[in-house]
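Structure, as C-alpha cells:
Chains as they are written, first to last, in the working numbering: chain E, 1 to 732; chain F, 733 to 927; chain A, 928 to 1440; chain U, 1441 to 1542.
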C-alpha cells in the first residue's frame, strides 16, 4: 500500500523486539490484577520484566551495532476500512533502526536503575503517609511499568499515528505519576496541569500528523523520510511542509517542555522523585527530541534546514536560556533540576534545529544518564533531610559520601566539565551551532546558557553538600523556602474564576481540626518532624544505582568524542547514529570547544566564589547583584501568569460566555416558548369561569363565528335552496 | 288555496309577543317577568289561532300558560320574596350578550328573509314537488282529526316516548328537589370558598 | 453446530432480542409489588437474554464480513392497505447499535437495583422503553420505527419525573418534573418532525409503503429530497442533541435516575444518530449532498459549545451531559464528512468514525453516568465540588471513573480515541479547517474531565464523607463490563469497523451515484 | 298593509328567539333563565307552526306538540334544579354557581 523504503523485516535479535514493550505491559497487568496487596512482590515483578526488556534490547542494540543493517520494520493493520487505498488503513508496527535501538537500551537501562532505586525510595515516602500501605507501592510499580511500556512503544513506533498513541499514553502515565499522592491537592493540580498543557501541544501535533500524512498519503516514518530525502515532495510547497513540521513540533514543545509550554514541568516535581528522574528527566521529556530526530528529514528536506528547523533551533535556544536563568534563583533542589532539564532539552532542540542530528541525539542519551543521576541523588538528599529546600541542607558531603560522590559527578557532567559526558555532547551541539550559517547569535545565547548552567549547578552543589548542615533550624528564614510573590500574585487558580472550587482542601484542615482522619488532612502529614540528628546515608538500594549512573555520567562521553580532538578514540556514537546516505558535513572547530570549557569553568568559579565560603552572604550578593532581574526570574518570567491569564483565562471566559448563552438565550428561549404556551393556556383557562351563562355565551359566540365564517366562504350557503332541502331531507 | 292572515291581527299579536318577551328578559321583579311570560304565551297562542291551528292554540293555553307558567310562578314564590326587585337582575356580560344576540338576529333574519321558501301561496302546491312523506292539499288546514292521525301513524313511537319522558322528568324532579339526608346542610357562605 | 445454527435461524431472533424486555415488563406487571427480588430477577433475565442474543448475533455477523444486505429479516404484514408491516432486520450499521443497546440495557438494569421504591412500575416502564430502543435499531419499517421510538421515549417521562433527582450546583435549580416535561416535549417534537418527513417519503415516493428496503428504490425529486432530509434530519438531530435544540439533554439526563441517564445518554442519543444515517442519509442521498456540508459547521459548534458549557458545571451529571453534547458533535462531524463520498477515504473514515463514536460514547457515557450516580447514591450530592478526596475511600470507583474520564477525553487505548481519530482523519481529508476547530475541542474536554476527576476523587478527603463505602459487587459488575468494553474496543477497533464497513460502503455508494 | 307571509312569522320567531337567548345569557336569576328558555321554545314552535301552515306540512304541528311536551318536562326538571340550587346555595344566582370553574 505504500512503498516499503529499503526496510527489511525484523530478523535476528530484532525479531524479539516486541518483547521489549510487552514485558513491562505484562508486569503492569500482573501488578494491577494479581499482586496489588503485596508491594514488594509487585516491585520484583516490575524489575524482573524490565530486566528481561533490557536483555532483549541489549541484544537488539548489539545486533544493530555489529551489523550495518538497514532499518527493520513490521506493521499490522489496526483499523482497515479501504484496504486498496493508501489512506484506508491505520497500522501499528515496530520500527527498529539505530536510533530506536539506542533509545531502547537507554530507556531500559535508566529505567531499571530507577526502579531498583525506587524499591527503597518509595517505602520511605510511603512511611510519611499514614493512610498509605503496601498497595501504594504496587500502584507505583504498576504505573511505572505502564509508563515503561508506553515509552518503549513510543520509541519503537512505526508511524506517526502510532507514535501519537504512545505519546498520549506516556502523557497519561506522567499524569498519574505526578498525581501519585492523589490526596495532596497540589499533586493532583500539578498532574492535571501537566496533562492539559501538554495536550495544548498535542493538538498541534495531531493537526500536523493529519496534515502531513493526508498530504503524503501515508504516516510511516520510513516512507515519509524517504519522500523528503530529495527535498520537498512533489505537489507540496515549502510553506506547507514548514507549517506541518511546526505543528508537529508543537507536540515536541509540549512534551519536551519547550518555551512557551514548559510551565508544567517544574510543577510536575510534585511526583515522587524517581518519577521525576525517569519521566521528567530521562525519557518522556526527551520524546519530543526523539520525535524531531525521527522526522529529521521533514525539518531538513534534502539536508537543508527549512523554516521549521530554524524555529526549532530558536525555540531551543530561547528555552535553554530562559530555563537556565530561572534555575539560578530556585531554592527547591528538584526545581533547580527541573529547570535544568528544560534548559538541556533546549540545547538538544537547538542542535537538531541547526542540523546536528548526531549531536542532539548524543546529548539526549548522555543527559538521560546524568540528569536521572542528579534527580535520584536529590531524592536521596530529600530522604535524608526531609526537605526539598536547599537552605535546609548543607554539609551533606560528610554525611552521605556515596551520594555525594555520585551527585558531584552528575553536577560536573551537567556543568560541562571535560571530560565528563555532558561536556562532549553539549560541546558538539555548540560546535554545530557555531559552524551553522547564521548561527552566531544562537551560539552566543547557548554559550551564555552553558555559563549559567555551570553557575547554578555549582550553587546547588555548594548549598547542598558543602559547609555545615543547616537543617530546619539553622536555615536562613529570609532566604529559604519558596520565595513569596513580589509584584504579581501567584497565577490564579482558574477554577475559582468559575466559582468552581472544591469545598474542601488541605488548607482548611490546618487549624483546630486535630481530630480529623488522616486522609482528610492530606499533605499535612508530609513533613514528618525529625530531630536535630544529622542526615544519614541512604540504603545501598539507593546509592547503588547512583554509582552505576555516575559511572556512565563520567565515561559515556567517550563514546562520542569528536575525531578532531585527537584522543585517538573512534567516534562510536557518530558511527552508529548518523543520517543515512549522507556524509558528515560537520567539521571540528577548536574555538567553541575551548570557549565552552572556559565558560563552564568561569561559571563554576563564580558559583564557588559566591557560595563556597558563606552561602548566605553569597546569595544576598547574588540577589542584590541581579536587582530587578531577580524578582523577574523568581516569577519565572511571569510566564505562568501569562498562561493563567491569557490562555486558561480565555478558555474559562469562553466557558462563562457559553454558559451564559445557554442559560440566558437558549434556555430562556425554550422557557419563553413554554411560558407563552402556558400563558395562552392560562388565558383559556380563565375562560372556564364555571359559570353556565359564560359558557353559553361562548357557545353563542362560536355559533356566530361559525355562521359568519361559512357565510364568508360560501356566501349563498344559508340562502340557497339546497340548504333548505338538505335541512328538510336530512331529517327524514 | 292561498292563505292570507289578517295583517292587523298579526301586527297586534306580534307587538304583544315582542313586548312581553322583552319584559320577561328585562323585568326587574321576577314576578313581573313571570306574568309577562304568561302574556307572551297567550300572544303566541293567538298567533297559532291566526294561523288556524286551533288545536295547538288550545294546547298552548292549557299546557303552557296553564301548567308550566303556573309552576314557574310557584318556583318564584318558593324561592323569592314576591315583589322584591331583583337588584342585580341583569348580570355581567349584558353588552356582549346583547351584541351577540343582535348578530344572531341579523344572521337569522338574513338567512330566513333571503331564502326562497317553497311556500304554498307561491308555488300553489306544484304537483312536481312532493315530500317523501306526502301530504294532501286538503290537509293544508290542519284539523284535529288529521293531527291525530299524524300523531298516531308515523309518530307513534315518539309520541309514546314523550309520555315516558314526562314521567321520567317528574321522577327526576322529585329526586333532584328532594332533601338529601346524606348531605350535610350546606353552611352559609359556602359560595365564597375558593375552589 | 451448523445444524443447530440453521435451526436457530428459523426462530424470530430479532423479535426475541427486541421483545424480550417487553415480555419481562409484562411478567413484572403480573408480579406483586412486594416481591422485589422477583421483579429485579425478571428484569435482569430479560435484558441479559437480549444482550446474550445480540452478542451472539453480532459475533455471527462479524464472522461473515462480506455479508451484505439485511440479515435475519422478519416480515409480517400489519396494515397492508397502508403499506405498513412489522419488518425487522439488521445490517452492519444497526447491529453494533443493537449490541450497544444490549450492553447498556443490561448494565442499566443492573444499576437499577439501586432503585428503592415502586420497583414494579419502575422496571415495567424501563423495560418497555428498552424494547423501544431495541426496536428502533432493528425495525426496517419506518412506521414501526416511529412506534418503537415513541415506545422508548414516552416511558422516559415517567421514569425521570418519578424516580429522578433535582438539579443542584450552579444556576437555578430545576425540578425533575420540569426536566421530564422538557425531555418529553423535545423528544416528541423530534418524533413529530421525523413522522412528518416519513409521511412525506410515503406520499412523495409514489410507492405508498413504509418499508425501508422498498423505499431504497424510490426516486424522489431533488427539492423534495432536500425538504424531507431537512425534516428528518432535524427531527433526529433534536434527539441526538444538536445545538441549539439540546437543552432537554442536560436537564433530562442529569435529572434522570442513574440507570435512565445511562439509557438516555447511552442509547437514546444514538437513536438520533442512527436515524440520520439510516433514514435521512440512507434514503435521501441528494438531500444529504445538499445539507451535509452545513451539518459539519453545526457539528463543530456542538463540540465546542458543549465542551465549554461542561467546563462551567459543578453538578457532575450535568457536566457529563454537556460532554455528551460535545461528543455527539463528533458524530455529526463524521456524518457530515459523508458529503463528499468520492474524495479519498474521508467519507468512509468519517462515517465509520461516527458509528464508532456512537458506540464508544454510548459505553463511556453510560459508564460515567453509572459511576456518578453511584457516588451520588453514596454521598447524596451531585455537586462534585462537594465531594473531594474520595479516592481514599472508594478506590475502585475512583479508578474506574478515571478510566472513564480518560476514555471520554479520547485517550489512546480506549474506544473514544479510535472514534475521534477516524472522524478527524475523515474530516481532514475534506475540510481541514473544521477538523482544526474540532481538535481544539479536545483540550477543553481534557480540562473539564480531569478537573472533575481531581475535584471528585483527588485531594484530601472531605471530612463530611469520612465514612463512605466503595462500590458493591452489584455495581462493580455492570460498571466493570462497560469499562472493559471500551478498553477492548479501543485496543481492537476492527471488532467494530469490520462489521460496519460493508453497510456504510453501501450507503456511500448510494450517495456517490 | 302588505299581506302577511311566512317571512313575517319567521322574523317574529327570530326576534323572540334572540330575546330568549338574551335572557338566558344575561339573567342572573335561575328562574328568570328558565322563563327565557320558555321564550326560546316558543320561538321555535312559532317557526314550526308557520312552516307547517305555509309549506303546508302537518308534521310541523306535530313537532310543536312534542316541543310543548318536552318543554313541560324541561320546566319540571328545571324548577327542581332551581329548588335544589336554592337549598344548597341559599340563593339562585347563577353568577355565583361556579363550581365548574377550571
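The C-beta atom is built at its ideal place from N, Cα and C for all residues, glycine as well.
The structure displayed is predicted, hence computed values, not measured ones.
The C-beta of residue 691(E) has 16 or more other C-beta atoms within 10 Å across all chains shown, which makes the residue buried.
For residue 182(E), the secondary structure class from DSSP, reduced to helix, strand or coil, is coil. The closest CA to that of residue 304(E), considering only 14(E), 19(E) and 579(E), is found on 579(E). About 4 Å separates the Cβ atoms of residue 299(E) and residue 309(E), confirming a contact at the 8 Å cut-off. For the set 12(E), 41(E) and 89(E), the Cα lying nearest the Cα of residue 57(E) is the one of 12(E).
Nearest CB-CB separation between residue 1464(U) and chain E: below the 8 Å threshold. A straight line joining the alpha-carbon of residue 712(E) with that of residue 702(E) spans about 15 Å. 8 Å or more divides the Cβ of residue 965(A) from the Cβ of residue 1055(A). In the displayed model, residue 1467(U) falls within a strand according to three-state DSSP. When the Cα atoms are used, residue 1391(A) and residue 1302(A) turn out to be separated by approximately 14 Å. Collapsing the DSSP output to three states places residue 786(F) in a helix. Beyond the five residues adjoining it in sequence on each side, residue 208(E) comes within less than 6 Å, by CB distance, of 244, 247 and 248 in the same chain, given in chain order. Between residue 329(E) and the set 479(E), 29(E), 73(E) and 554(E), the nearest pair of CA atoms involves 479(E). Residues of chain F with a Cβ closer than 8 Å to the Cβ of residue 1510(U) are, in chain order, 894 and 897. For the region 692-717 of chain E, the set of residues with a beta-carbon nearer than 9 Å to any beta-carbon of chain U comprises 692, 693, 694, 695, 696, 697 and 700, in chain order. Judged by beta-carbon spacing, residue 762(F) lies within the 8 Å limit of residue 1469(U), meaning their Cβ atoms are closer than that value.
Relative to the Cα of residue 176(E), the nearest Cα in the group 682(E), 133(E), 546(E) and 268(E) belongs to 268(E). Taking each of 1214(A), 1350(A) and 971(A) in turn and checking the Cα distance to residue 1124(A), the smallest one comes out for 1214(A). Runs of the alpha helix (DSSP H) lying entirely within the region 650-725 of chain E, each at least 4 residues long, are 667-687 and 692-713 in chain order. Counting only unbroken stretches of 4 or more residues, the alpha helix (DSSP H) elements lying wholly within the region 1008-1081 of chain A are 1021-1038 and 1046-1065, in sequence order. In the structure shown, residue 1425(A) falls within a helical segment according to DSSP collapsed to helix, strand and coil. The alpha carbon of residue 956(A) has as its nearest neighbour, out of 937(A), 1047(A) and 1085(A), the alpha carbon of 1047(A). Within chain E, no C-beta atom comes nearer than 7 Å to that of residue 830(F); the closest sits roughly 11 Å away. Under the 8 Å criterion on CB atoms, residue 882(F) is classed as interfacial with respect to chain U. Residue-level contact by beta carbon fails for residue 1477(U) and chain F, as no gap is shorter than 8 Å.
Residue state for residue 1402(A) is assigned as helix, using DSSP reduced to three classes. In the DSSP annotation of this structure, the continuous segment of the alpha helix (DSSP H) that includes residue 323(E) starts and ends at 307-328. Inside the region 1323-1396 of chain A, DSSP marks whole alpha helix (DSSP H) runs of 4 or more residues at positions 1342-1357 and 1359-1384, from first to last along the chain. Across the set 204(E), 306(E) and 198(E), the C-alpha of 306(E) shows the shortest separation from the C-alpha of residue 241(E). Under DSSP, residue 96(E) forms a beta bridge with 72(E).
Using a Cβ distance threshold of 8 Å, residue 297(E) and residue 228(E) count as a contacting pair. As DSSP reads the structure, residue 1004(A) sits in a beta bridge with 1012(A). Sequence-distant Cβ neighbours of residue 1263(A) in its own chain, meaning closer than 6 Å and more than five residues away, are 1219, 1222, 1223 and 1226.
By the beta-carbon neighbour count (other beta carbons within 10 angstroms, threshold 16), residue 1486(U) is buried. Under the three-state reduction of DSSP, residue 591(E) is assigned to helix.
Residue 835(F) has a beta carbon lying within less than 8 Å of a beta carbon in chain E.
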